[in-house]
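*Asks:* Input: one structure, supplied below.
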Amino acid sequence: MKRVGMFVWNHFTNDARVLRECTSLSQNGYDVELICIDDPNDSSISKYEEVNEHFRVHRMKRYPSTLLFLQGFYRFAVGKRWPLLPLIVIWGFLVYLLPWVIIPLTILVGLLLKTKVRVIWIRGALILRMIVKGYKGNYDIYHSNDLNTLPQGYVSSKWRFRKKPLIYDSHEVQTSRTGYDSPWYKRFEGFFIKRMDSMIVENDTRAKYNEDLYGFYPHVLHNYPSLEIQQTDEKVNLHEILNLPQNEKILLYQGGIQAGRGLENLINAFPKFNEGTLVYIGDGKIKEKLQKMVKDRKLEEKIRFLPKVPVRELPKYTKNAYLGFQVLNNINFNHWSASSNKLFEYMMNEVPVVACDFPEIKRAVEESGVGVTIDPHDPNEIAKGVNYLLENPEKREIFSANCKIARKKYNWEIEQKNLLEVYRIY
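Heads up: the sequence shown is residues 0 to 425, going by numbering that gives the first Met the number 0.
Encoded structure:
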């Protein structure tokens with residue numbers, strides 16, 4: 000049985016794609032160890048987790064012990080649990096005795112606690128811990144998810160006498176995505192592209208983009224959800240949780256509450272919706288901003304927010320929706336080329352969609368007849384799509400019925416064959 004060492008730069012609590020990949024490999028003759036990041040703020044997750052007999056998760060300590068000690072000392076002192084005057088006197092005395100040691104050390108501690116040096120230290124130490132874990136694992140195949148774990152995979156697999164195969168699984172377009180504006184990302188990826196053995200991307204639009212960029216056509220592994228996880232008879236009563244009448248139409252967005260996903264436009268469009276309650280399920284950087292927008296418009300009763308839900312529990316919530324939103328904005332090639340997981344999660348649960356008219360998403364929606372596509376940048380267009388489904392319940396039912404057919408095509412149980420074909424090369 001071949002052993003796989005896989006890296007991902009998150010806590011592995013809601014990464015559906017990585018969960019599917021690791022599970023499929025573990026059920027098809029591979030022993031998988033996933034190396035990810037611990038979350039000291041979440042007591043519900045452990046540093047070691049055994050998902051099944053051949054799939055284990057190792058979460059690396061997030062913060063260096065020295066940093067935690069310095070931060071604790073700083074908070075204790077500045078928090079006035081100690082009188083500041085004695086501390087100043089002691090520090091001054093030490094400076095008098097050993098100025099060439101204490102002054103540089105003070106500057107260094109200040110940099111480590113209060114500047115970008117701290118971020119570099121944290122990330123650098125974490126990367127090193129992941130590399131050490133990966134290198135010691137001596138796996139038969141290494142698998143890096145996204146650009147931020149490619150160095151870990153490269154060092155672990157290639158800096159040894161017997162080099163091991165390295166698979167680069169790029170979930171996003173690393174050279175054109177939010178937060179990756181520097182040209183250094185392209186140079187960084189280009190360096191490692193020449194040193195990995197196989198590359199996987201999400202769809203053919205992105206594969207063609209990488210072919211134009213690097214001169215080869217990567218393997219394609221679509222981001223389809225698992226029938227096993229999505230097909231459940233259980234249903235969380237979302238109406239009861241939100242104290243809504245059972246006949247109230249829930250207009251659902253589920254996923255990360257992040258910039259560039261058109262979530263502000265949903266709020267701007269909402270007054271034009273004929274009926275329904277807009278519900279966001281998820282967390283993210285702009286959630287507070289959206290909540291303020293809702294409060295300023297006095298729409299708290301009609302636009303509701305729920306925290307993120309574990310991957311395996313989410314379908315029980317999705318089933319409540321009258322329709323689902325996928326309204327990415329075209330802020331970069333990564334968004335424009337996406338074939339988002341949530342789109343297919345809606346399909347799996349027979350929820351018609353109001354979706355952006357970008358190539359991969361539009362093709363899936365229109366070929367399968369599971370909803371309407373609109374210009375996601377225009378609140379009037381969004382409202383038009385929503386009201387079409389509200390005013391034509393019979394059409395909405397046809398879309399819902401088509402979802403049952405579409406999920407037989409857009410599912411992980413079929414798509415996983417493409418992953419296994421990549422692995423069979425090695």
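From the three backbone atoms N, C-alpha and C, an ideal C-beta is built for every residue, glycine too.
Exposed or buried, residue 309, counting other C-beta atoms within 10 Å across all chains shown (16 or more means buried)?
*Replies:* Result: exposed.
*Asks:* Contact defined as beta carbons within less than 8 Å: I believe residue 252 pairs with residue 324. What is the distance between those atoms, to the nearest angstrom?
*Replies:* About 4 Å separates the two Cβ atoms, so the contact holds.
*Asks:* Ends of the beta strand (DSSP E) at residue 370?
*Replies:* From DSSP, the beta strand (DSSP E) with residue 370 extends over 370 to 373.
*Asks:* From residue 331 to residue 177, what distance separates their C-alpha atoms?
*Replies:* Their Cα atoms are separated by approximately 7 Å.
*Asks:* How would you label residue 396, buried or exposed, when you count the other beta carbons within 10 angstroms and need 16 or more for buried?
*Replies:* Residue 396 comes out exposed.
*Asks:* Is residue 194 helix, strand or coil when you go by DSSP?
*Replies:* DSSP places residue 194 in coil when its eight states are reduced to three.
*Asks:* Any idea which residues DSSP pairs residue 4 with across the strands?
*Replies:* 32, 141, per the DSSP bridge assignment.
*Asks:* What are the start and end residues of each continuous alpha helix (DSSP H) run of 4 or more residues lying completely inside the region 309 to 355, in chain order?
*Replies:* Fully enclosed alpha helix (DSSP H) runs of 4 or longer: 313 to 317, 332 to 335, 340 to 347.
*Asks:* Go through the region 192 to 252 residue by residue and report every complete run of the beta strand (DSSP E) that reaches 3 residues or more, in order.
*Replies:* Complete beta strand (DSSP E) runs here, min 3: 197 to 200.
*Asks:* Would you decide whether residue 215 is buried or exposed? Buried here means 16 or more other CB atoms lie within 10 Å of its CB.
*Replies:* Looking at its Cβ environment, which holds fewer than 16 other Cβ atoms inside 10 Å, residue 215 is exposed.
*Asks:* Tell me whether the beta-carbon of residue 388 lies closer than 8 Å to the beta-carbon of residue 351.
*Replies:* Yes, Cβ-Cβ distance for residue 388 and residue 351 is below 8 Å.
*Asks:* Would you kindly report the start and end of the unbroken beta strand (DSSP E) that includes residue 277?
*Replies:* Its beta strand (DSSP E) spans residues 276 to 280.
*Asks:* Provide the residue span of the alpha helix (DSSP H) that contains residue 17, from first to last.
*Replies:* Run containing residue 17: 15 to 25, per the alpha helix (DSSP H) assignment.
*Asks:* From residue 190 to residue 288, what distance separates their C-alpha atoms?
*Replies:* For residue 190 and residue 288, the distance between alpha carbons rounds to 38 Å.
*Asks:* How many Å lie between residue 314 and residue 321 at the Cα?
*Replies:* Roughly 14 Å between the two C-alpha positions.
*Asks:* Taking the C-alpha atoms as reference points, what is the distance between residue 17 and residue 249?
*Replies:* So the two alpha carbons sit approximately 29 Å from each other.
*Asks:* Residue 285 by DSSP, collapsed to three states: which one?
*Replies:* Three-state DSSP puts residue 285 in coil, outside helix and strand.
*Asks:* Helix, strand or coil: how does DSSP classify residue 298 here?
*Replies:* Residue state, collapsed to three classes: coil.
*Asks:* Of the choices 233, 137, 211, whose alpha-carbon is the least far from that of residue 172?
*Replies:* With distances taken between Cα atoms, residue 172 lies closest to 211.
*Asks:* Helix, strand or coil, according to DSSP, for residue 52 in the structure here?
*Replies:* Here residue 52 sits in coil by DSSP.
*Asks:* Could you give the first and the last residue of the continuous beta strand (DSSP E) run that contains residue 146?
*Replies:* Element bounds for residue 146: n/a, residue is neither H nor E.
*Asks:* Could you say which of 120, 131, 356, 302 lies nearest to residue 247 if we only look at CA atoms?
*Replies:* Looking at the Cα atoms, 302 is the closest of the given residues.
*Asks:* Go through its chain and collect everything with a Cβ distance to residue 360's Cβ below 8 Å, but skip five positions before and after it.
*Replies:* 325, 327, 337, 338, 339, 342, 354, 372, listed in sequence order.
*Asks:* From what residue to what residue does the alpha helix (DSSP H) around residue 266 run?
*Replies:* Note, residue 266: alpha helix (DSSP H), 262 to 268.
*Asks:* What do you get for residue 183, buried or exposed, if any count of 16 or more other CB atoms within 10 angstroms of its CB means buried?
*Replies:* Residue 183 comes out exposed.
*Asks:* Below 8 Å between beta carbons: does that hold for residue 54 and residue 35?
*Replies:* Cβ distance not < 8 Å, so residue 54 and residue 35 don't count as in contact.
*Asks:* Counting only the same chain and skipping the five closest in sequence on each side, list residues whose C-beta sits under 7 Å from that of residue 255.
*Replies:* Same-chain partners within the cutoff: 281, 283.
*Asks:* Using CA atoms only, rank isn't needed, just tell me which of 356, 196, 344 is closest to residue 407.
*Replies:* It is 344.
*Asks:* Please identify the residue among 312, 409, 195 whose C-alpha is closest to the C-alpha of residue 347.
*Replies:* Measuring from the Cα of residue 347, the nearest candidate turns out to be 409.
*Asks:* Using the DSSP secondary-structure output, state which residues sit across from residue 428 in a beta bridge.
*Replies:* Shown here, the chain extends from 0 to 425; a query on residue 428 therefore has no answer.
*Asks:* Using only the alpha-carbon positions, how far apart do residue 405 and residue 230 sit?
*Replies:* Taking the straight line joining both Cα atoms gives about 14 Å.
*Asks:* Closer than 8 Å is the cut-off here; do at least three beta carbon pairs connect the region 233 to 243 with the region 255 to 274?
*Replies:* No, the region 233 to 243 does not touch the region 255 to 274.
*Asks:* Would you report the Cα separation of residue 23 and residue 298, rounded to the nearest angstrom?
*Replies:* So the alpha carbons of these two residues sit roughly 44 Å apart.
*Asks:* Would you give the residue range spanned by the alpha helix (DSSP H) that residue 381 belongs to?
*Replies:* Taken as a continuous stretch (DSSP letters only), the alpha helix (DSSP H) holding residue 381 covers 378 to 390.
*Asks:* Rank 42, 5, 349, 61 by C-alpha distance to the C-alpha of residue 319 and give the top, closest one.
*Replies:* Nearest option by C-alpha distance: 349.
*Asks:* Excluding sequence positions up to five away, which residues of its chain have a Cβ less than 7 Å from the Cβ of residue 125?
*Replies:* Hits under 7 Å: 36, 59, 61.
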